[in-house]
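Numbering (the UniProt record's numbering), first residue to last: 1 to 568. Ideal Cβ placement from N, Cα and C applies to all residues, glycine included. Computed from a prediction, not measured in an experiment: that's the story for all the values here. First up is the structure itself, then whatever we jot down about it.
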């Protein structure tokens, strides 16, 4: 179901085909992960932009003969259920040790993987390592490629219950995990006998998983506007923390809001326009919510027998973004006339979906004024403190503006009223897209940043090309220019072209405004190759820019279903 299910075995010493006697015999093989090689560190590495595939990020077909060649610690591939993963970078993060994982390198590990822990969502754990699909050499062999290559159970991944591992809570909500094949029975957390066996666990960080519940609204393959999506959740605890994880399915692009008041934990999850409320009345008091994974501190350090009373509200389409109190954390220069304002909610946590925005509400002289801003992810921010509760806003100052002069001069701990998320962008529309063209002008670049990051991630392995045309007045107006250059050098699928309308005499790049000649040169002139049904175009900028772009695309006979315009 998730990465947490892998940890379930480590704590419980329970695993299919694994007995208490074998657990006792394996005590000498237990191993603690080095500092910096824990689960959360692996997640951070996957989100850092580093190519973990070793093949440039493009999904490819892998034949059994090629798979066999990648069987060393410096170059290790592993096949599970027809998908090939480059596990080279994951080796130091494996709880059972690199040596045990290497026993499956260069082979198809599906059969034995399913025997040991079939409920683990390996694709979620290794999604950033996906090399491609394993080619079957026999007509009916969709999973295993050669019976002669089979090997004994002890030669594959050891049961995770054999590894004593220092565990850190995960701190993310994933939007690509899939539901479990079967439920894992609830296990009381206060099993002192098993707890004593895990000698390498720090007592205050030991993870005690518990099965909170699963809500399965409807399982379907196609997206339907009139049917609420499936949602799954579970919980885990340490002596000092409670973690509730929400799973929402592939391409769901969820937004979440959580708030704590003593023993009451309220979680609102919105997926594809449907909102569902989960309310927990916990066994004991909680203090605060720290991260987007809904991790809360316990008022008293102890292990609970259960999570508490759970109430699940019915799915509803009646979603009105609420106004929340935020405080300013930082305000720093982004360009000569744009500030990067970092804010955080005063209570709870908020996750804004890709392509959605928030609105700042400010009352001036008795009148309310509202401005829309799309948060910029940590991926694009040069900051040492990437707190997942922060929202980063690129705010351009207009001297004659009503709100921007005030917003760009805010200081630490200043208050703001914020509502959100707002927007209609549906991430699942990009599921089969191979080529995407982004037309952005000025601060219209901000919603494109999330789209770029998603398209080039392993969550969307079909992507072959991301082309950004970024329109500005002068060179000093270009936001995130260094980030674009670094990304283009790191990933050949990404290309950025800067077009300036008031360029200096030293500018050697493109000049002018958006026009049909420029766009047709990109789409038709050969700089982009694409199939009509696998092309998508996003547009964002001032109203006049968006109208001009739409008119040009219409004249080029680009269908409306292949275009999305971000509006505030």
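Residue i versus the options, residue with shortest Cα-Cα distance
i	options	result
residue 436	422, 453 and 443	453
residue 373	354, 558, 488 and 104	354
residue 242	303, 375, 448 and 388	303
residue 351	366, 268 and 73	268
residue 362	377, 324 and 380	324
residue 56	534, 555, 464 and 255	464
residue 495	548, 507, 439 and 506	439
residue 468	493, 497, 457 and 456	497
residue 455	481, 493, 331 and 476	493
residue 252	503, 237, 266 and 273	273
residue 567	559, 331, 538 and 50	538
residue 49	380, 523 and 547	380
residue 478	394, 520, 550 and 427	394
residue 443	428, 368, 102 and 480	480
residue 416	97, 132, 341 and 550	341
residue 332	300, 134, 412 and 47	412
residue 51	65, 338 and 89	89
residue 76	483, 482 and 53	53
residue 421	322, 550, 95 and 41	322
residue 240	300, 102 and 258	300
residue 124	101, 428, 543 and 457	457
residue 134	91, 400, 66 and 519	66
residue 44	101, 378, 410 and 425	378
residue 573	231, 254, 46 and 37	Residue 573 lies beyond the range of the chain shown here (1 to 568); nothing can be said about it.
residue 407	265, 388, 364 and 245	364
Simplified DSSP assignment, three categories, for residue i
i	result
residue 569	Lying before the first or after the last residue shown, residue 569 is absent from the chain, which here runs from 1 to 568.
residue 543	helix
residue 492	coil
residue 448	helix
residue 304	coil
residue 378	helix
residue 228	coil
residue 194	Any answer about residue 194 is weak, because its pLDDT of 39 lies below 50 and its placement is not dependable; what the coordinates show is given next. Residue 194: helix per DSSP, three-state reduction.
residue 572	Since the displayed the chain opens at 1 and closes at 568, residue 572 lies outside it and no answer follows.
residue 345	strand
residue 421	strand
residue 324	strand
residue 560	helix
residue 485	helix
residue 200	Interpretation of residue 200 is limited by its pLDDT of 32, a score under 50 that renders its predicted location unreliable; no figure is taken from the coordinates.
residue 42	helix
residue 365	coil
residue 238	coil
residue 372	strand
residue 309	strand
residue 555	helix
residue 454	helix
residue 93	helix
residue 533	helix
residue 391	strand
residue 336	coil
Whether residue i touches residue j by CB criterion (7 Å)
i	j	result
residue 391	residue 343	yes
residue 472	residue 500	yes
residue 589	residue 447	Nothing about residue 589 can be read from this structure; the chain reaches only from 1 to 568.
residue 561	residue 434	no
residue 328	residue 414	yes
residue 553	residue 563	yes
residue 248	residue 271	yes
residue 403	residue 371	yes
residue 441	residue 545	yes
residue 85	residue 126	yes
residue 258	residue 132	no
residue 281	residue 309	yes
residue 543	residue 502	no
residue 93	residue 47	no
Supposed contact pair residue j and residue i - C-beta distance, whole angstroms, cut 8 Å
i	j	result
residue 71	residue 106	3 Å
residue 59	residue 462	7 Å
residue 61	residue 129	Contact flag wrong, Cβ pair sits at about 17 Å.
residue 423	residue 357	6 Å
residue 359	residue 418	7 Å
residue 276	residue 339	The pair is not a contact, with the Cβ atoms about 36 Å apart (cut-off 8 Å).
residue 569	residue 102	There is simply no residue 569 to check, as the chain begins at 1 and stops at 568 in what is shown.
Any C-beta of chain B under 7 Å from that of residue i
i	result
residue 433	In the structure shown, chain B does not exist; there is a single protein chain.
Evaluate the contact criterion for the stretch 80-89 versus the stretch 100-113: three or more CB pairs, one atom per stretch, below 8 Å. Note that the stretch 80-89 touches the stretch 100-113; at least 3 beta-carbon pairs, one per stretch, sit closer than 8 Å.
Can we say the stretch 513-521 touches the stretch 472-489, given the rule of at least three CB pairs closer than 8 Å? Contact between the stretch 513-521 and the stretch 472-489 is absent, because fewer than three Cβ pairs lie under 8 Å.
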